[in-house]
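Here's the structure we're looking at; comments come further down.
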Amino acid sequence: MSTTVTGHVKRYVYGPEVNYLGTEAYPHYSFCDITQAGNTLYCSGVTPTRGVQDGTNYPYNLEVVSAGDFRGQYDWVLGTLGRMLVLAGAQFPRDVVNVTVMCTDMQALNGSVDIWAKHFGDAWPALTYMQVTALYHPEQMVEANAIAVIGDN
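The numbering of the sequence shown is our numbering, which starts it at 16 and goes up by one.
Here's what the structure looks like:
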């Protein structure tokens with residue numbers, strides 16, 4: 016894990032620990048997995064990709080997890096999101112207060128509510144679904160980001 020502190024904001028990189036992105040991705044694209052301000056965690060969008068993301072062959076030097084399989088991608092994205100939030104100190108899914116899911120096929124998302132239930136159970140955060148025409152990688156079908164509040168809640 017890598018942590019950067021700027022004033023009252025902490026920035027965490029967990030990709031290598033959860034088999035997500037390699038360390039080269041973060042400085043190249045100037046982002047982190049989770050930003051913490053106070054007791055609030057803001058998780059960047061998690062994509063169904065892993066590997067090195069160095070810009071030399073964007074985005075084809077990434078492995079797409081479960082290529083062509085919406086349900087496999089959705090399960091992997093939510094699982095990775097949960098693992099990173101736990102590493103940042105959240106009780107997943109209890110501490111999650113908001114999730115946004117972007118997908119390229121709303122019917123596939125609507126047919127995957129069991130995958131959502133597998134990860135979130137009866138912890139019902141505010142939830143937004145949106146269909147988009149494209150995501151980061153051409154084979155990517157889904158992406159999700161989240162906000163969690165940690166501590167005594």
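A virtual CB, placed ideally from N, CA and C, is assigned to each residue, including glycine.
Q | Residue ranges of each beta strand (DSSP E) within the region 38 to 122, 3 or longer | A | Taking only runs of at least 3 residues, the beta strand (DSSP E) segments lying wholly in the region 38 to 122 are 49 to 52, 55 to 61, 111 to 118.
Q. Can you tell which of N125, W91, D110 has the C-alpha that lies nearest to the C-alpha of G60?
A. The count along the sequence shown starts at 1 and reaches residue 60 at position 45. When only C-alpha atoms are compared, the closest one is W91.
(Q) I'd like to know if the region 77 to 88 and the region 154 to 163 are in contact, where contact means that at least 3 CB-CB pairs between them fall below 8 Å. (A) By the Cβ rule, the region 77 to 88 counts as touching the region 154 to 163, because three or more pairs are nearer than 8 Å.
**Q.** When G66, A161, R65 are compared against V116, the one with the closest alpha-carbon
**A.** Sequence index remark: in the sequence shown, residue 116 carries index 101 (1-based). Of G66, A161, R65, the residue nearest in Cα terms is A161.
Q | Y44 versus N34, V33, V28, residue with shortest Cα-Cα distance | A | As a first step, residue 44 is located in the sequence shown; it is residue number 29 there, counting from the start. Out of N34, V33, V28, V28 has the C-alpha closest to the C-alpha of Y44.
Q: Taking all protein chains shown into account, decide if V20 is buried (16 or more other Cβ within 10 angstroms of its Cβ) or exposed.
A: Counted from its first residue, the sequence shown places residue 20 at position 5. Under this definition V20 is an exposed residue.
Q) Tell me, which residues are paired with V20 by DSSP? A) Looking up residue 20 in the sequence shown gives position 5. Looking at the DSSP output, V20 sits in a beta bridge with K25.
Q | Beta bridge counterpart(s) of A161 as assigned by DSSP | A | If you number the sequence shown from 1, residue 161 lands on position 146. According to DSSP, which records beta bridges pairwise, A161 is partnered with C58, V114.
Q: Decide yes or no for the touch test of the region 131 to 146 against the region 101 to 118: beta carbon pairs closer than 8 Å, at least 3 of them.
A: yes
(Q) Less than 7 Å between the beta carbons of I165 and G104, yes or no? (A) Taking the sequence shown and counting its residues from 1, one reaches residue 165 at position 150. Taking the sequence shown and counting its residues from 1, one reaches residue 104 at position 89. Result yes, Cβ atoms of I165 and G104 sit closer than 7 Å.
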